[in-house]
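Residue numbers for the sequence shown follow full-length UniProt numbering, so the first one is 1 and each next one is one higher.
Notes follow the structure.
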Amino acid sequence: MFRIASNFRTVFTLRPVPGAALFIAISLISGFAALSSGMAQNSNGFQRSYVDPFPKGDRYRILVVGDSLADGLWSGLYRSFEDETNLEVVRKSKVSTGLVRTDRYNWNEALPELLEGERKYQIAVVMFGANDAQNIRQDGEWYQPGSEGWRKVYSERVEQFLRTLREKNIATYWVGLPVMRTAQDNKDAEVMNDIFREKAFIYGTKFIETWAGFTDEAGRYSAYGPDMTGQQRRLRANDGVHFTMRGYLKLAHFVEKEIRRDLKLAKAERNIPLAGSEQEQARVMGRKISKGSGDSPENYGGHAISGEAIRPGASGEVENPMSGDQAVDDPEGPRMEESMVGGVALLRPAMSDSVLESEALGGQGGGGSAGQTVAAQLDNGLTALSSISAVSDLSMVSSKPRLPLAERPYYRVLVKGEQLKPKEGRADDFRWPMQ
């Protein structure tokens, strides 16, 4: 039993609860395990590109869906990518629709049908909100825009939309609403942007901020602004919601630069040479293995290997089907090793110590030029080959978790004009009376 006394001479008694110590211990262990798992994931270095690096026919299809804002966005994206022969921008947007009025058009019911067919989409660009600032109905109940019930129902529909796209492994870019002319439209747009931003984070979708791209120096709505040529032009339509053609080109630019960056990373991943035979690569990448391949493990290097010969030992080595007095470096009789990589059994010849040593020392004395290859022998017969070269900062930063753009301090201060709260007692803490 513990007794805790406060400054007001009130005594609180804490009685031990059976099993509480065990519960606390399990909670602490689980917390440390989760923390270690998260750190391990972040320390893996690089992550896979956001866009599929191996599209069918080496051609990407971009699906544009949404309301009238998405319809204009499509026109801007179409012009932005019209010179790209390996890109196709497909318009599936519908004016006078949204996620609220499902009686007019139900996007969550129509989306699965849009994604069916032989010609798959690898990228989706989504923009909603022009017609969604109205009462929403669910299970016979009506909810006003911005209310708790409205947020809940609208969030569920956004989640369902994103879930459908994720199930199809489509890289999705959700475009946020821009600043609006009226105060009420601004308020509604901020509510929807908060929902879009939150759900995009949960479902691993990229949320593209557009708010600050159409404001004046004071962060307020402005119908005019610099277009893609740098000239001051009219960018917004008369309703204060939609855009002119120049405005849609600028809106598309925010999406285009994100897509181009991810396509560049996907190309870099696609150009990385894979180690191993064609059959081994097919097994790792999940492709179909063609029958009769000369590179099969049973016929590796032109030598037939019986099933009895492939017997992993204590160290993962496979019995050499050739004579025992053949050297490891002998090309006529390589020593085979079998190991598990990502749940796939790989059979490959072991590298000799002389080769490993020469590869490891190859970068020394050569001036440390880019592209030096270093080899190291790991456990279970694995050989690690690494190329030392300059890496762009973008590749390194992309593997680390980052705050959304709208939550970063410099964005809040320099773009949105917010004043960050000072730390208590610091020189810039002017609160009076002093806390």
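Here a beta-carbon is modelled for each residue, glycine too, at the ideal position from N, C-alpha and C.
On a predicted model such as this, the values are computed, not experimentally measured, just so you know.
DSSP places G66 inside the beta strand (DSSP E), whose first and last residues are Y60 to G66.
A buried status is given to S339, since no fewer than 16 other beta-carbon atoms sit within 10 Å of its beta-carbon. Under the three-state reduction of DSSP, I208 is assigned to strand. When the alpha-carbon of L73 is set against those of E84, A252, R246 and V100, the nearest one is in A252. Annotated three-state conformation of V95 is coil, per DSSP. Look at E338 here: in three-state DSSP terms it is strand.
Between T215 and V179, the CB-CB gap stays under 8 Å. The Cβ atoms of V89 and V64 lie closer than 8 Å to each other. For Y50, the CB contacts under 8 Å within the same chain, skipping 5 residues up- and downstream, are A171, K206, D262, L265 and A266 in chain order. Its chain contains K120 as the residues whose beta carbon lies nearer than 7 Å to that of K56, once the 5 sequence neighbours on both sides are disregarded; these appear in chain order.
Between the alpha carbons of E424 and G219 lies a distance of about 28 Å. With a cut-off of 8 Å on Cβ pairs, the segment 89-109 is in contact with the segment 129-142, counting three or more such pairs. Per DSSP, the continuous beta strand (DSSP E) segment holding Q138 begins and ends at I136 to Q138. When C-alpha distances from P112 are compared across Y173, K168 and V153, the shortest belongs to K168. The beta carbons of G240 and D188 sit about 12 Å from each other, so the pair does not count as a contact at 8 Å. In the structure shown, the three-state DSSP call for F128 is coil. Per DSSP, R234 is one residue of the beta strand (DSSP E) stretching across Q232 to R234. In the DSSP annotation of this structure, the continuous segment of the alpha helix (DSSP H) that includes V158 starts and ends at E148 to E167. In this structure, the straight-line span from the alpha carbon of N271 to that of E84 is close to 19 Å.
The continuous stretches of beta strand (DSSP E) do not include A427, and DSSP gives it neither H nor E. In this structure, L403 lies away from R412, with their beta-carbon atoms at least 8 Å apart. In the structure shown, the three-state DSSP call for E141 is strand. Contact check for F161 against W107 passes: the beta carbons are separated by less than 8 Å. The beta carbons of I136 and V191 sit no closer together than 8 Å. Secondary structure of Y224 (DSSP, three-state): strand. In this structure, DSSP gives W174 an extended state, which the three-state scheme calls strand.
Bounds of the alpha helix (DSSP H) holding M245 are M245 to R270. Per DSSP, R197 is one residue of the alpha helix (DSSP H) stretching across A183 to I202.
In its chain, beyond the 5 residues on either side, A252 and E256 have a beta carbon closer than 6 Å to the beta carbon of S80.
Here L235 is buried, its C-beta having at least 16 other C-beta atoms within 10 Å. Across the set D52, A212 and D71, the C-alpha of A212 shows the shortest separation from the C-alpha of S222. DSSP, read as helix, strand or coil, puts L111 in helix.
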